[in-house]
Amino acid sequence: MTVLMSGINLYLMALVFYVVLGWDLNMSIWISAAVIGVYITFGGLLSAIFTEILQFFLIWFGLFLVSVLGIIELGGLDNILSTLPERMSGLWSTAINASDNEMGVTWVGLVLGLGFVLSFGYWTTDFLLIQRAFSAKDLDSARKTPIYASFFKMALPFIVVIGGLVAWKLQDLGQLQLLTHPVSGEVWNDTALPVLIARYFPAGLVGLGITALLAGFMAGQAGNVSAFNTVFTYDIYRALFKKDATDKHLIFVGRVTTVAGVFLSILTAYAAMRFNTIMDYIQAIFSWVNAPLFATMLLGMFWARCTSAGAFWGLILGMVSSFTMFIGINFGWINSAILTFSKHPSDMSNTVWRAWWAWLICFVATIIISLFTKPKPREDLFGLVKGLTEETFHIRQPFLKRPWVIAMAALAVAVALNIYFW
Amino acid sequence: MTEKTEGLKTIWYFVGIMLTLMGVLVCLAGIIDVFMSVAQKTVLGNLHPSIWWGAVMVVTGLIFLIKNRGKYS
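Chains P and E are the protein sequences, given in the same order.
According to our numbering, the first sequence holds residues 4 to 425 in order.
According to our numbering, the second sequence holds residues 90 to 162 in order.
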């Protein structure tokens, strides 16, 4: 999973070199991989997290201005939104019928597949995010980090969505030409942001914009490779092959794993290239892995009767069924209209509904298998399952710094945004 | 809770240094562009985004620097 995600970042980094500097795409992929491989191999997780913090600011300062200038050129945000076609004009207002929106999905699919399974799955099962919580200085920081991050996550569409709308609108007006995809020959939507940077940013700023894009992808790849390295070294190598390994030996294995992870990322970068938009690829991966894993995680954390066999085989069944649906739809063996309840399903509606079905299959299978297999003694589950774990989190904090207060503020912003873009 | 008085400087201090330095460079590039008339070649170049955006970065960077001066992680 982390290696598949890492390939995306590698591919996008190469794409920036290709679009902005005109470098060969293959050479760009290998050079980008080499740079990241060196700094994670020698710096480890600490270097990845420290550079992520610096890169966070680079990304915001480098890319925020693209959307601002786009809005200025097109006469304001309201002007952009009011001239969009009816199908693209709202979030929920166009989701009553699947044929009324670009994704070909109703609000039921949005809530179950995207809102519940894919979003919750992303925040709770993506090891890149979980590892950040593990490396927090204390429990309070670990709890607050995703809540604070949610504010920036909600602001990110200002760069991604508004930037995309600006590119779409300018293209519609005949004032902008995106590149053609080298594999499919269709318009290459992933090139929108680099093309807008080249359009708006003069000499000094263009360096900042490119650095911001590279920083974003570099942070993503470094984070994913370091996550891969940690999972392999500690959860597989030390747990299964060498339980008495010294720290020095584990560091060596971690470095070798990093190099292997970078090479695997190169392979997955070429796989990512085959998708017309990277969003389709990301959501496809999430529907294969994170969607069923979210069901396993939920039951494992909140249901003491869940057994190892139930969790393992339920997860396998969920992942296999998701991948089978993906292959079946792509090769025309399965009619996606049945899975998506839509006469005109898109790649995105297929993914959203596939995620939901994979989650449901995993959830139900885990429960059934668990009920027929021997449970673990309850004393073995202390510290692992909610309800059997003594929670020692009793720090007195000022009202505005309490996690639930900040979480409520995040929820209020989310509701306000949904109403504004209704 | 007592603050640390030695060790590695907090990461926010380095964020301040980075934003200030990059802001100065972007701002200077924008000023040079005005005299070389290069900025006019990009769309909305007449608004001189490098100058004011560079200034925003410098101000933000200085705030980080001042607020985290003398803090250690």
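For every residue, glycine included, the Cβ atom is placed at its ideal position computed from N, Cα and C.
The bridge partners DSSP lists for E:Thr-109 come to none.
Around the beta carbon of P:Tyr-151, fewer than 16 other beta carbons sit within 10 angstroms, so the residue counts as exposed. With fewer than three CB-CB distances shorter than 8 Å, the region 134 to 151 of chain E does not count as touching the region 79 to 94 of chain P. In the structure shown, P:Thr-343 adopts helical secondary structure according to DSSP, grouped into three states. Here P:Val-388 carries a coil assignment [DSSP, helix/strand/coil]. When rounded, the separation of the alpha-carbon atoms in P:Gly-219 and P:Val-19 is 11 Å. Judged by their CB atoms, P:Ser-311 and P:Ile-364 are not nearer to each other than the 7 Å cut-off. By a beta-carbon distance limit of 8 Å, P:Ala-230 contacts P:Thr-5. Their separation comes to about 5 Å. For P:Leu-320, the CB contacts under 7 Å within the same chain, skipping 5 residues up- and downstream, are Ile-364, Cys-365 and Ala-368 in chain order. In the DSSP secondary-structure assignment, E:Tyr-161 is bridged to E:Lys-98. DSSP places P:Phe-289 inside the alpha helix (DSSP H), whose first and last residues are 281 to 291. Taking a contact as a CB-CB distance under 8 Å, the pair P:Val-228 and P:Gly-264 counts as one, their CB atoms being some 4 Å apart.
In this chain, the alpha helix (DSSP H) harbouring P:His-252 covers 250 to 276. Residues of chain P with a Cβ closer than 7 Å to the Cβ of E:Val-113 do not exist, since the nearest Cβ in that chain sits about 10 Å away. Non-local beta-carbon contacts of P:Phe-289 in its own chain, meaning distances under 6 Å to residues more than five positions away in sequence, involve Leu-121 in chain order. For a cut-off of 8 Å, the C-beta gap from P:Val-262 to P:Thr-54 is around 19 Å, too long to register as a contact.
Under the three-state reduction of DSSP output, P:Val-38 falls in the helix class. No Cβ-Cβ contact shorter than 7 Å links P:Asn-232 with P:Thr-249. According to the DSSP assignment, E:Leu-154 belongs to the alpha helix (DSSP H) that extends over 138 to 156. With a threshold of 7 Å between beta carbons, E:Ile-100 makes contact with chain P. In this structure, E:Leu-114 is the residue among E:Leu-114, E:Phe-103, E:Gly-96 and E:Thr-99 with its C-alpha nearest to the C-alpha of P:Gly-210. As a beta-bridge residue in DSSP terms, P:Thr-183 pairs with P:Val-190. Listed along chain E, the residues sitting closer than 8 Å to P:Arg-202 by beta-carbon distance are Thr-131 and Val-132.
Identification of chain P residues near E:Leu-108 by a Cβ-Cβ cut-off of 8 Å yields Phe-60 and Phe-64, ordered along the chain. When Cβ-Cβ separations below 7 Å define contact, E:Val-104 makes contact with chain P. Between P:Leu-196 and P:Ser-268, the alpha-carbon positions lie close to 23 Å from each other. Between the region 143 to 159 of chain P and the region 408 to 416 of chain P, the count of C-beta pairs closer than 8 Å reaches three or more; the two stretches touch.
In the displayed model, P:Pro-401 falls within coil according to three-state DSSP, outside both helix and strand. Taken through DSSP and simplified to helix, strand or coil, P:Asn-421 comes out as helix. Taking 7 Å as the CB threshold, P:Leu-208 lines the interface with chain E. Sequence-distant partners of P:Leu-253 (beyond 5 residues in either direction) whose C-beta falls short of 8 Å from its own C-beta, in its chain, are Thr-236, Tyr-237, Tyr-240 and Arg-241.
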